[in-house]
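Student:
Protein chains: 2
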Amino acid sequence: MPSKSAFLVPERRARVDAVVAGRTRTLTVVMEAFCDPQNVNAVLRTCEAFGVQEIHAVEGPMKPWDRNKKISQNADKWLDVRRWRSTGECLAHLKAEGFAIYATHLGEGSRPLGSLSFAGKVALVFGNEKRGVSDEALALAEARYAIPMRGFVQSLNVSVAAAISLATAVERREAERGGHGDLTEREAAELRERFYVLAVKQRAKIAKAERVAERRGGRRR
Amino acid sequence: MPSKSAFLVPERRARVDAVVAGRTRTLTVVMEAFCDPQNVNAVLRTCEAFGVQEIHAVEGPMKPWDRNKKISQNADKWLDVRRWRSTGECLAHLKAEGFAIYATHLGEGSRPLGSLSFAGKVALVFGNEKRGVSDEALALAEARYAIPMRGFVQSLNVSVAAAISLATAVERREAERGGHGDLTEREAAELRERFYVLAVKQRAKIAKAERVAERRGGRRR
Chain A
184 MPSKSAFLVP ERRARVDAVV AGRTRTLTVV MEAFCDPQNV NAVLRTCEAF GVQEIHAVEG
244 PMKPWDRNKK ISQNADKWLD VRRWRSTGEC LAHLKAEGFA IYATHLGEGS RPLGSLSFAG
304 KVALVFGNEK RGVSDEALAL AEARYAIPMR GFVQSLNVSV AAAISLATAV ERREAERGGH
364 GDLTEREAAE LRERFYVLAV KQRAKIAKAE RVAERRGGRR R
Chain B
184 MPSKSAFLVP ERRARVDAVV AGRTRTLTVV MEAFCDPQNV NAVLRTCEAF GVQEIHAVEG
244 PMKPWDRNKK ISQNADKWLD VRRWRSTGEC LAHLKAEGFA IYATHLGEGS RPLGSLSFAG
304 KVALVFGNEK RGVSDEALAL AEARYAIPMR GFVQSLNVSV AAAISLATAV ERREAERGGH
364 GDLTEREAAE LRERFYVLAV KQRAKIAKAE RVAERRGGRR R
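Protein chains in written order, with the numbering used here: chain A, 184 to 404; chain B, 184 to 404.
(1) Using a Cβ-Cβ cut-off of 7 angstroms (strictly less than) and excluding sequence neighbours within five positions of B:Asn222, which residues of its own chain qualify?
(2) Going by DSSP, what residue range makes up the alpha helix (DSSP H) through B:Val223?
(3) Tell me which same chain residues have a C-beta within less than 8 angstroms of the C-beta of B:Ala329, skipping the five on either side of it?
(4) State buried or exposed for A:Ala216, treating a residue as buried only when at least 16 other CB atoms are found within 10 Å of its CB.
(5) Measure from the alpha carbon of B:Leu307 to the alpha carbon of each residue in B:Asp318, B:Glu291, B:Ala326 and B:Glu242, then state which is nearest.
(6) How about B:Ser188: is its Cβ closer than 8 angstroms to a heavy atom in the ligand SAH?
(7) Quick check on the burial criterion: 16 or more other C-beta atoms within 10 angstroms. Buried or exposed for B:Thr351?
(8) Is it right to say B:Ile347 is buried, meaning 16 or more other beta carbons lie within 10 angstroms of its own, or is it exposed?
(9) Thinking C-alpha only, which one of A:Thr229, A:Gly362 and A:Glu194 is nearest A:Leu349?
(10) Closest to B:Glu376 by CA distance: which of B:Leu262, B:Asp200 and B:Glu194 is it?
(11) In this structure, how does DSSP classify A:Asp318 when only helix, strand and coil are distinguished?
(12) Rounded to the nearest angstrom, what separates A:Thr270 and A:Ala279 at their Cα positions?
(13) Just to confirm my understanding: we take B:Arg265, look at its own chain, exclude 5 residues before and 5 after, and list those with CB closer than 6 angstroms. What are they?
(14) Return the CA-CA distance between B:Val411 and A:Gly334, expressed in angstroms with no decimal places.
(15) Just to confirm, is the Cβ distance from A:Arg206 to A:Gly364 under 9 angstroms?
(16) Return helix, strand or coil for B:Ile347, following the three-state DSSP convention.
(17) Could you confirm whether any beta carbon from chain B is found closer than 9 angstroms to the beta carbon of A:Asn340?
(18) Name the two residues that bound the continuous alpha helix (DSSP H) containing B:Asp200.
(19) Assign B:Phe378 to one of three DSSP states: helix, strand, or coil.
(20) Which residues in chain B have a C-beta closer than 8 angstroms to the C-beta of A:Met161? List them in chain order.
(21) Please report the residue range of the alpha helix (DSSP H) in which A:Thr270 lies.
Okay, structure coming up:
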C-alpha cells in the first residue's frame, strides 16, 4: 500500500515530517482528576505545541472532560491521550516504563522547578484544581516540585503551571539530552503515516467546505 | 500616624515585606482588547505571582472584564491595573516612561522569546484572542516575538503565552540585571503601607467569619 503522503502537497508533507521530528514519548504529562474541562483542553493544546505526544488523564470524581475545540484547538487529534481509572495504575505503568515521576506540590519538601533534572524519562504530574496532587501520587513520586512564586496568591492556574513546567522541561532536555524530539525511526514512521492520513482527511474537509461556499456564492450571483 | 503594620502579627508583616521586595515596576504587561475575562483574570493572577505590580488593560470591542475571584484569586487587589481607551495612548505613555515594547506576534519578523533582552524596562504586549496584537501595536513595538512551538496548533492560549513569557522574563532579568524586584525605597515604603492596610482588612474579615461560624456552631450544640 502506498503511503498516504502521495495525496499531500509537498509543503504539507514537510510540515508533518517536521512536527514528527519534534515529537517525544520520553517526556509526558499526567493530569490527575482535573475538574475543569477548560484546563484539560488548555493543557492538551500546550502539550501538542511542545511536542509531547502521550498524555495521561486519571479520571477523578468529575465526569470525563468534554472536548472543547475552541480551547484545545483540536490538539487532541494529534495526540495519544490515555485514560486511567486510578492514579496507582497510571503511575505504576509509567514507573515500569522507566519514567521518573515529578509531582507539583506547594507544600514542604518541594524543590524549585529549575533544580530538576530532565536527563532521563520524566512524567510531570498535575493535580486537581482544588486539592492538588493526591497523597498517593506524592508517595510514588521521585520528586516534588513547585514553580517559585513571589506574590500573595498561593498558586498558579493549573494550565499555567503546566505550560511553565513544559517550557522549562524542553529547554532543560535540549541542554541535558542534546535535543527534545527523540522518537525511534519506527515510532516516527508510524506517526508520520497516521498524521498523513489525518492531514489528507483535513484537506478533503477544507476542499468540501470550499466547494460548498463556491456553489452558494454562484447561486447568489 | 503609626504604621498599620502595628495591627499585624510579625509573620504577616514579614510576608508583606517579602512580597514588596519581590515587586517590580520596570517589567509590565499590556493586555490589548482581550475578549475573554477568564484570560484577563488568569494573566492578573500570574502577574501577581511573578511580582509584576503594574498591568495595562486596553479596552477593545468587549465590555470591561468581570472580576472573577475564582480565576484571579483576588490577585488584582494587590496590583495596579491601569485601563486605557486606546493602544496608541497606552504605548505612548509607556515609551515616554522608557519602556521597550515587545509585542507577541506569530507572523514574519518575529524573534524567539529566548533571544530578547530584559536588561532595560520592558512592556510585553499580548493581543486579542482571535486577531492577535493590532497593527498599531506592531508598528510601535521595538521587537516582535513568538514562543517557539513545534506542533500543529498555530498558537498557545494567551494566558499560557503570558505565563511562559513572564517566567522567562524573570529568569532573564535575574541574569541580566542581577535581580527582579527593584522598587525604589520610596515606592517600596508606599506599597508596604498599602499592603499592611489590605492585610489588616483581610485579617478582620477572616476573624469576623470565624466568630460567625463559632456562634452558629454554638447554637447547634
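Beta carbons: idealized from backbone N, C-alpha and C, even for Gly.
Tutor: According to the structure shown:
(1) Glu312, Val341 and Ser342
(2) Pro220 to Ala232
(3) Thr287, His288, Leu289, Ser293, Arg294, Pro295 and Leu296
(4) buried
(5) B:Ala326
(6) The ligand SAH is not part of this structure, which contains no ligands at all.
(7) buried
(8) buried
(9) A:Thr229
(10) B:Asp200
(11) helix
(12) 14 angstroms
(13) His239
(14) Residue 411 of chain B lies beyond the residue range present for chain B, which begins at 184 and ends at 404; the question has no answer from this structure.
(15) yes
(16) helix
(17) yes
(18) Pro193 to Ala204
(19) helix
(20) Within the shown structure, residues of chain A are numbered from 184 to 404, placing residue 161 of chain A beyond reach of any answer.
(21) Thr270 to Ala279
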